[in-house]
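Colleague: Numbering (this note's numbering), first residue to last: 200 to 877. Where a beta carbon is used, it is the ideal one built from N, C-alpha and C, also for glycine.
#1: I need the straight-line Cα distance from residue 487 to residue 349, nearest angstrom please.
#2: Using DSSP's beta-bridge definition, name the partner residues of residue 245.
#3: Within 10 angstroms of its Cβ, does residue 495 collect 16 or more other Cβ (buried), or is it exposed?
#4: Using the rule of at least 16 other Cβ atoms within 10 Å of the residue's Cβ for burial, across every protein chain shown, is residue 539 buried or exposed?
#5: CB-CB under 6 Å to residue 812, same chain, minus the five flanking residues each way: which ones, in chain order?
#6: Of the choices 441, 270, 314 and 344, whose alpha-carbon is the least far from that of residue 160?
#7: CB residue 426 to CB residue 468, shorter than 8 Å?
#8: Nearest to residue 392 by alpha carbon, out of 684, 483, 664 and 200?
#9: Under the assumption that residue 379 contacts residue 404 (Cβ atoms under 8 Å), give the Cβ distance between them as a whole number of angstroms.
#10: Of the choices 618, 680, 418 and 472, whose alpha-carbon is the least far from that of residue 633?
#11: Give me the residue from 333, 450, 459 and 415 with the minimum Cα distance to residue 442.
#12: Put residue 882 into one of helix, strand or coil per three-state DSSP.
#13: Tell me whether residue 258 sits in a helix, a strand or coil according to DSSP, three-state version.
#14: Buried or exposed: residue 264, going by 16 or more other Cβ atoms within 10 Å of its Cβ?
#15: Give the DSSP-derived three-state secondary structure of residue 773 in the structure shown.
#16: Who are the near neighbours of residue 596 in its chain, counting only those whose CB is closer than 7 Å to its CB and skipping five residues on each side?
#17: Can you tell me the Cβ-Cβ gap for residue 481 and residue 459, rounded? I've got them flagged as a contact below 8 Å.
#18: Quick check: the Cα distance between residue 303 and residue 295, rounded to an integer number of angstroms?
#19: Use the C-beta contact count for residue 716: other C-beta atoms within 10 angstroms, 16 or more gives buried, fewer gives exposed.
#20: Count the CB pairs spanning the region 240-247 and the region 220-231 that are closer than 8 Å, and state whether there are at least three.
#21: Strictly by DSSP, which residues pair up with residue 445?
#22: Using DSSP bridges, identify the partner residues of residue 239.
#23: When the distance is taken between beta carbons, is residue 336 closer than 8 Å to residue 329?
#24: Ordered along the chain, which non-local residues of its own chain (more than five positions away) have a Cβ less than 6 Å from that of residue 372?
#25: Specify the secondary structure class of residue 288 as computed by DSSP and reduced to three states.
#26: By the three-class DSSP mapping on this structure, what secondary structure does residue 601 have?
#27: In this structure, does DSSP put residue 589 in helix, strand or coil?
#28: For the region 722-752, list the alpha helix (DSSP H) runs that are entirely contained and at least 4 residues long, ordered along the chain.
#29: What number of angstroms, rounded off, separates the C-alpha of residue 728 from the C-alpha of residue 640?
#30: Would you mind stating whether residue 677 and residue 696 have Cβ atoms separated by less than 8 Å?
#31: Output yes or no for whether 8 Å exceeds the beta carbon distance between residue 619 and residue 684.
#32: Pick from 363, 398, 631 and 412: whose alpha carbon is nearest that of residue 674?
#33: Count the other C-beta atoms from every protein chain shown that fall within 10 angstroms of the C-beta of residue 864, then say buried if there are 16 or more, exposed otherwise.
#34: For residue 752, count the other beta carbons within 10 Å of its own beta carbon; 16 or more makes it buried, fewer makes it exposed. Which is it?
#35: So which of 637, 290, 455 and 724 has the shortest CA-CA distance to residue 560?
#36: May I ask you to report which of helix, strand or coil DSSP gives residue 475?
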């Protein structure tokens, strides 16, 4: 097999799409080689900010193969058949017939001869290049060829020699050399295969392999301070350099009085720097990755980066000290001037809506369980709802939007607010997994309910794949919070109350139904992702219980119906439903009984009704216990039902007796449906 090496030299590929680009390019090259029946081995692909590299061992020739080509039906017009024969350069006698879906078609077997790989390779390379589905692409100069960034060079080596090919659209011909690091080794580099290429590029200060670059950075970090690794930032930095050199700069002591987040955000988000911690505490140092080896050991580079970071921190310190000159609560007035939505008013009005929803949630929880929430919950939530959005009117958030919520919590703490209130403010934008306590969960619920209710009220619900306000994510967040923190609320009732301030009374129920349907669609997906059977997910969601009880019911039912007794019970219920069809009458006349099995089944049903007390919906624990108890009691009816079917003919010649027996089964299934809504 012959060595093949391809390098596309590109102007700075954005870091976030490098991984997608190289994986897609390798897949496309593989597909093209397979399409042309070229056997390959030892595939290797790499990406750096300026290079897309592909290497492999290829067979010298493609494989010979036969292709069966489908033609027209045998009764097609002579002209159509003639065109098919001409196109494939065969005669009618070369064809054979094959039946497909009871229709006879002409087929021809075409032999594809073995072809030298060198004759096919140019088309393979170009096809793969053209097909890369870049997230965004561009054209340059007078050309109309689109690529992620301007394509400046193609090095193609096959069997140790220059492989000539080109892209006519940009008048670019392949070459047998590339260049090393832009500053450290800009001279020409020749290679015979992928192995020699990697070695020579490494000597020319280019680490083509992104995994190797990542390990170099991590190992350099270990030699310095205990640097705080942000994996997302690390991946981005790996895609910004070809020869990583880790350097460490200092932060002036005066900036260390800033809240940690106010130092870290400018570092990470704006400058791609890594914070340093000593004994768990943020230290006055930062690490960064340079793409150059300086003759002075990097001193000048460090000074330049320190100067840039210091300027940002100087701004942060000024904003911090200025913001603290007034109380966080006083900024409520400024929220009256920040428009949230033309139809929904200002952020201040949104604050009031969130506060009201917090009250509705507390009232609902109180009704369900007098002991929960405690008397301080409503106080903390009301105070947090008043202050949570105030930092949107601060200088700090205006300059560093990533600090919203975080800096508000810092200001609240400095100004003497309760720790519970500060935590709520800090975690208001966190994902469900990152919310740490019950109070923050309740506030996050109110925030998400408000945004969904408000936008549905003005007709801004998601359509198709468009969801500009991330309402689907908000709905999923509501359900996940309810599950994680076992919050048992009547979500529909809270939505209904929230709509009173936004919609006419005549349309409230219509909007509630829209929102319920919208949330329930997410609910079904969440349950199925949790390995709940599809039928069970649909049934429990459409049963209309509270979200928490629906989660509990789904899990218990799923486990029950996977047991042998559960399978027998569901089979029994389905058999009964097939018999009663659309009957809704469950009134039973005992005087019409003709057998002991009828009387026995009714006795069992009555006993079932007495044993099964109403589920205590105010306690999720009691709900689970009672539901499981009911399910096993329902399963015990299986024997009585079996005897009933064994000994009794439902379709009695006497219509009254037949209807009475159907009513008896309807009475049973009505009770069973409250437990097993399938």
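Modeller: According to the data block:
#1: On the chain shown, position 288 is the one that residue 487 refers to. On the chain shown, position 150 is the one that residue 349 refers to. Distance between the alpha carbons of residue 487 and residue 349: 28 Å.
#2: Working through the chain shown from its first residue, we reach residue 245 at position 46. According to DSSP, which records beta bridges pairwise, residue 245 is partnered with 252.
#3: Here residue 495 refers to the residue found at position 296 of the chain shown. Burial call: exposed.
#4: As a working note, residue 539 is residue 340 in the chain shown. With 16 or more other Cβ atoms within 10 Å, it is buried.
#5: Here the question's residue 812 lines up with position 613 in the chain shown. With a pLDDT of 46 at residue 812, under the threshold of 50, the predicted position of this residue should be treated as unreliable, though the coordinate-derived value follows. Closer than 6 Å at the Cβ level, and outside the excluded window around residue 812, lies no residue.
#6: In this structure the chain extends from 200 to 877, so residue 160 is not present and cannot be described.
#7: Locating residue 426 in the chain shown gives position 227, where the first residue counts as 1. Locating residue 468 in the chain shown gives position 269, where the first residue counts as 1. Not closer than 8 Å, so no.
#8: As a working mapping, residue 392 is identified with position 193 in the chain shown. Checked all of 684, 483, 664 and 200; the closest Cα to residue 392 is 200.
#9: Sequence index remark: in the chain shown, residue 379 carries index 180 (1-based). Sequence index remark: in the chain shown, residue 404 carries index 205 (1-based). About 6 Å; that satisfies the 8 Å criterion.
#10: Translated into the one-based positions of the chain shown, residue 633 becomes position 434. Comparing Cα positions, the closest option is 680.
#11: Your numbering for residue 442 matches position 243 in the chain shown. Nearest option by C-alpha distance: 415.
#12: In this structure the chain extends from 200 to 877, so residue 882 is not present and cannot be described.
#13: By one-based count along the chain shown, residue 258 stands at place 59. Coil.
#14: The sequence position of residue 264 within the chain shown is 65, counting from 1. The residue is exposed, with fewer than 16 neighbouring Cβ atoms inside 10 Å.
#15: Position 574 of the chain shown holds residue 773. Residue 773: helix per DSSP, three-state reduction.
#16: Taking the first residue of the chain shown as 1, we reach residue 596 at position 397. Result list for residue 596: 590, 602, 603 and 606, in chain order.
#17: Here residue 481 refers to the residue found at position 282 when the chain shown is read from its first residue. Here residue 459 refers to the residue found at position 260 when the chain shown is read from its first residue. Their Cβ separation, rounded to whole angstroms, is 5 Å, which keeps residue 481 and residue 459 in contact under 8 Å.
#18: Within the chain shown, residue 303 is the residue found at index 104, counting from 1. Within the chain shown, residue 295 is the residue found at index 96, counting from 1. About 10 Å.
#19: Your numbering for residue 716 matches position 517 in the chain shown. That one is exposed.
#20: yes
#21: In the chain shown, counting from the first residue as 1, residue 445 sits at position 246. For residue 445, which the question treats as bridged, DSSP gives the partners 488.
#22: Taking the first residue of the chain shown as 1, we reach residue 239 at position 40. Partner(s): 257.
#23: Here residue 329 refers to the residue found at position 130 of the chain shown. Here residue 336 refers to the residue found at position 137 of the chain shown. Against a cut-off of 8 Å, the Cβ pair of residue 336 and residue 329 comes out as no contact.
#24: Here residue 372 refers to the residue found at position 173 when the chain shown is read from its first residue. Cβ within range, chain order: 365.
#25: Indexing the chain shown from 1 puts residue 288 at position 89. Three-state result, residue 288: coil.
#26: Indexing the chain shown from 1 puts residue 601 at position 402. DSSP places residue 601 in helix when its eight states are reduced to three.
#27: In the chain shown, counting from the first residue as 1, residue 589 sits at position 390. If DSSP states are grouped into helix, strand and coil, residue 589 belongs with the helices.
#28: 733-741
#29: On the chain shown, residue 728 is found 529 positions in, with the first residue counted as 1. On the chain shown, residue 640 is found 441 positions in, with the first residue counted as 1. Taking the straight line from one Cα to the other gives about 22 Å.
#30: As a working mapping, residue 677 is identified with position 478 in the chain shown. As a working mapping, residue 696 is identified with position 497 in the chain shown. No. Outside cutoff.
#31: If you number the chain shown from 1, residue 619 lands on position 420. If you number the chain shown from 1, residue 684 lands on position 485. For residue 619 and residue 684, no; Cβs fall outside 8 Å.
#32: Start at 1 with the first residue of the chain shown, and residue 674 comes out as number 475. Closest by alpha carbon: 631.
#33: Reading the chain shown from its first residue, position 665 is the one you call residue 864. Looking at its Cβ environment, which holds 16 or more other Cβ atoms inside 10 Å, residue 864 is buried.
#34: As a position in the chain shown, residue 752 is number 553, starting the count at 1. Buried, because 16 or more other Cβ atoms sit within 10 Å of the Cβ of residue 752.
#35: Numbered from 1 along the chain shown, position 361 holds the residue referred to as residue 560. That would be 637, whose Cα lies nearest to the Cα of residue 560.
#36: Residue mapping note: residue 475 aligns to position 276 of the chain shown, counting from 1. Residue 475: strand per DSSP, three-state reduction.
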